[in-house]
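Here the structure comes first, spelled out in structure tokens, and everything after it is commentary.
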Amino acid sequence: MYRDKGCAQIGIDDVGKDIRLCGWVYRNRDHGGVIFIDLRDRTGIAQIVFNPEPLLTVGGPDTQGDTHKTARHLKAESVIIISGQVCRRPEGTENHDIPTGMVEVHVKSLEVLNMSDPLPFPIDEGGEISETLRLKYRYLDLRRPEMVANLITRYKSCKVIRDYLDEHGFIDVETPVLTKSTPEGARDYLVPSRVNAGAFYALPQSPQLFKQILMIAGLDRYYQIVRCFRDEDLRADRQPEFTQVDLEMSFVDMDDVIGVVEGLLKKLFYEIKGQQIDTPFERIKYKDSMARFGNDKPDMRFGLELRDVSGLIKDSTFKVFQDAIASGGIVKGVCGKGMASYSRREVDILTQEVQAMGAKGLAWIKVKDAFESPIVKFFQEGTLREMADMLGAQPGDMMLFVADQESVVNDCLSRLRLDIAKKNGLIGAQDNFVWVVDFPLMEWVPQEDRFAALHHPFTSPTDDDIKAILATEDMNNDERARLTSKAYDIVLNGSEIGGGSIRIHRSDLQQKVLGLIGIKAEEAMERFGFLLDALKYGAPPHGGLALGLDRLIMLMTGAQSLRDVIAFPKTQKAACPLTSAPSQVDKTQLRELHIRLNIED
RNA sequence: GGGGCGGUAGUUCAGCUGGUCAGAACGCUGGCCUGUCACGUCAGAGGUCGCGGGUUCGAGCCCCGUCCGCCCCGCCA
Numbered sequence: 001m002y003r004d005k006g007c008a009q010i011g012i013d014d015v016g017k018d019i020r021l022c023g024w025v026y027r028n029r030d031h032g033g034v035i036f037i038d039l040r041d042r043t044g045i046a047q048i049v050f051n052p053e054p055l056l057t058v059g060g061p062d063t064q065g066d067t068h069k070t071a072r073h074l075k076a077e078s079v080i081i082i083s084g085q086v087c088r089r090p091e092g093t094e095n096h097d098i099p100t101g102m103v104e105v106h107v108k109s110l111e112v113l114n115m116s117d118p119l120p121f122p123i124d125e126g127g128e129i130s131e132t133l134r135l136k137y138r139y140l141d142l143r144r145p146e147m148v149a150n151l152i153t154r155y156k157s158c159k160v161i162r163d164y165l166d167e168h169g170f171i172d173v174e175t176p177v178l179t180k181s182t183p184e185g186a187r188d189y190l191v192p193s194r195v196n197a198g199a200f201y202a203l204p205q206s207p208q209l210f211k212q213i214l215m216i217a218g219l220d221r222y223y224q225i226v227r228c229f230r231d232e233d234l235r236a237d238r239q240p241e242f243t244q245v246d247l248e249m250s251f252v253d254m255d256d257v258i259g260v261v262e263g264l265l266k267k268l269f270y271e272i273k274g275q276q277i278d279t280p281f282e283r284i285k286y287k288d289s290m291a292r293f294g295n296d297k298p299d300m301r302f303g304l305e306l307r308d309v310s311g312l313i314k315d316s317t318f319k320v321f322q323d324a325i326a327s328g329g330i331v332k333g334v335c336g337k338g339m340a341s342y343s344r345r346e347v348d349i350l351t352q353e354v355q356a357m358g359a360k361g362l363a364w365i366k367v368k369d370a371f372e373s374p375i376v377k378f379f380q381e382g383t384l385r386e387m388a389d390m391l392g393a394q395p396g397d398m399m400l401f402v403a404d405q406e407s408v409v410n411d412c413l414s415r416l417r418l419d420i421a422k423k424n425g426l427i428g429a430q431d432n433f434v435w436v437v438d439f440p441l442m443e444w445v446p447q448e449d450r451f452a453a454l455h456h457p458f459t460s461p462t463d464d465d466i467k468a469i470l471a472t473e474d475m476n477n478d479e480r481a482r483l484t485s486k487a488y489d490i491v492l493n494g495s496e497i498g499g500g501s502i503r504i505h506r507s508d509l510q511q512k513v514l515g516l517i518g519i520k521a522e523e524a525m526e527r528f529g530f531l532l533d534a535l536k537y538g539a540p541p542h543g544g545l546a547l548g549l550d551r552l553i554m555l556m557t558g559a560q561s562l563r564d565v566i567a568f569p570k571t572q573k574a575a576c577p578l579t580s581a582p583s584q585v586d587k588t589q590l591r592e593l594h595i596r597l598n599i600e601d
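Under this note's numbering, the first sequence has 54 at position 54, and the numbering climbs by one with no breaks.
See below:
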């Protein structure tokens, strides 16, 4: 062993002991005589001291002189090993900002294990560094204490999760990374097969089908902390490869899965953040979430709920609202808390924002002593008062309305609602977990001119809907749109952190549901016939859920980006600045894979 | 695929209406300093203004194209 302890593991109990430490030179303070160096490793920082005169307790003044000279010229991030005596710091020189601030090590010998070149960017400051540079020199970036802390939080969270699931009878089973293209869902990452000319593996978007197969195999309870891949464009909270806490259980219904996951999150937040969260979590129906918050991941830490005023304004003479309703749309509003003082210009900016989301415009009515707006003349005084009541608007607020098709209205107002809350500091400090339940089974996708599964094609309908589906030959569009699934999403502070469902475990029902979303029997057999076959041989009722680990850790650490909780993340173009992946490959490799490139200029 | 913002010293940035605009801070190099902890202090070095083209007497600044990064829409649970 090179060392006796980690840098931050020395303390008042070690005073008087001789000790060896290794680490990186974090900061070097040369006072001409005495030299202080902050020595850093994963555990933290220790102050080591070089005195110009040899300590009385040790011999060799000549070596001491050399040591002092070497210490003076140590460059930042050089790796050194020292031995010396742990001493209590002199009265008045303690540093209460660091855990080891009561002590310091008086160095007797110093060896430079590896001198560092000048750094491409400073790692000892809080200042923002270009992310490309950070990713290119990720090994330096990861030395920063906050990055170390994030990775440690991530590791500890995984350990808590594994321990919890182990205690609840789950076993970790690995599933293939080279697998088959997934039905529905996102674009697959493909891997060409050398030995099967023209054939491709796909990287899994999730182990969905495998975990169902494991249930059919009788594994009873499975989990995996597993890498998943989706070849879609990125966002701050989206990476091309990401990690899921994937779990599946047999002989369960929705409440069982929800119970296990609530227990998991409760334990996780307690162990990692010391935070007590109350279970069971609130549940909200999809339909209600859309109505009250305009999306299926409601941030319920604040009010400002959306209200449908279509009924109220029936008799108004405001043509914009009338036209929207006449063409099948609705009018909804949200309360702009404290925004009655907004200037024309500020309102214009809001208008542009909703227009960017697809709305034709934004109607506003300021609530002051009277109602103020170019459009008040179209409404009865009583109607205006009722609007204000519905929206909870007080004097000083501004009512904001969008009139359009329901989806556009919800889209615009849900974002507007979040904006208003952020700008006005209305977001409560208490974490809010909520289950969104009763999702539609399928939805109409205009671009593809068909229905598609909202969750995925293996999601079970509710018991009533199962009966209805099995009892009829076919269903019309209205009937299909009304089907409800046993799917559930877990939402934390307006971010979806996971989702799952009870699966279909009967072959006949699965066939019918596939039919309803327009997947033909032949196509189904070709793409996931193995699952359909498996359902015929004694598949137990089962269901599960997957948590997005990266996003969860991001929320728990307060990181601004997923990239800050992933050791080696990719840029928005899915590139890795450290390794320069993806990159071109040798022609020979392509030939072996039976691939010829066809790149347009 | 579309929209927005950005790219100037090793780093973070400033650079006005095109004309002392090649600048600051930190870092780096060398010196001084025995109790600092973002030590202090003196001196010095350091630039293809992302890249290509254009307008102009003159471009870091204006125009066109392009590359890269970030945020958002589409896409994606």
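Beta carbons are placed, not taken as given, at the ideal position from N, Cα and C, and that holds for glycine.
N- and C-terminal bounds of the beta strand (DSSP E) containing residue i
i	result
E108	Sequence check: residue 108 is Lys here, not Glu. Residues 103–114.
Q47	44–50
Y155	First-last for Y155: 145–167, but that is the alpha helix (DSSP H), not the beta strand (DSSP E).
I284	282–285
K366	363–367
R88	79–88
C-alpha gap between residue i and residue j, whole angstroms
i	j	result
G11	I45	12 Å
E473	Q511	12 Å
V177	Y139	27 Å
D404	L350	17 Å
L134	E305	At residue 134 the sequence reads Arg, which differs from the Leu that was named. Between R134 and E305, the C-alpha separation is close to 41 Å.
E526	L516	18 Å
E91	K5	25 Å
G548	T67	51 Å
Q560	A197	44 Å
A8	R29	19 Å
S116	S78	5 Å
P461	G358	32 Å
C412	F528	38 Å
F318	V354	20 Å
Q584	R506	46 Å
Residue i (DSSP reduced to helix, strand or coil)
i	result
Y189	coil
V34	coil
H542	strand
I595	coil
G382	helix
K314	helix
Y222	strand
M475	coil
S373	coil
I420	helix
Y139	helix
D172	strand
Q9	helix
R20	strand
L555	helix
M249	strand
E241	strand
G548	strand
I427	coil
First and last residue of the uninterrupted alpha helix (DSSP H) at residue i
i	result
G515	507–516
V257	254–273
Q352	344–356
Beta-ladder partner(s) of residue i, from DSSP
i	result
V25	L39
E496	V491
K332	D308, V402
M442	A453
M390	DSSP, once it has assigned bridges, lists no residue as partnering M390.
R235	R238
Y201	V191
A581	C576
Open item on the list: I'd like to know if the region 278–291 and the region 436–445 are in contact, where contact means that at least 3 CB-CB pairs between them fall below 8 Å.
Closed with: yes
Open item on the list: Tell me whether the region 568–578 and the region 150–167 touch, counting them as touching only if at least three CB pairs, one residue from each stretch, are closer than 8 Å.
Closed with: no
Task: Meets three-Cβ-pair contact criterion under 8 Å: the region 196–211 and the region 228–242 - done: yes
Open item on the list: Counting beta carbon pairs with one atom in the region 485–497 and one in the region 252–260, are three or more of them shorter than 8 Å?
Closed with: yes
Open item on the list: Does the region 530–543 come into contact with the region 243–251, if we say contact requires no fewer than three beta-carbon pairs (one atom in each stretch) closer than 8 Å?
Closed with: yes
TODO: For the region 369–385 and the region 453–461, state whether three or more C-beta atom pairs, one from each stretch, are separated by less than 8 Å.
DONE: no
TODO: Decide yes or no for the touch test of the region 171–191 against the region 490–499: beta carbon pairs closer than 8 Å, at least 3 of them.
DONE: no
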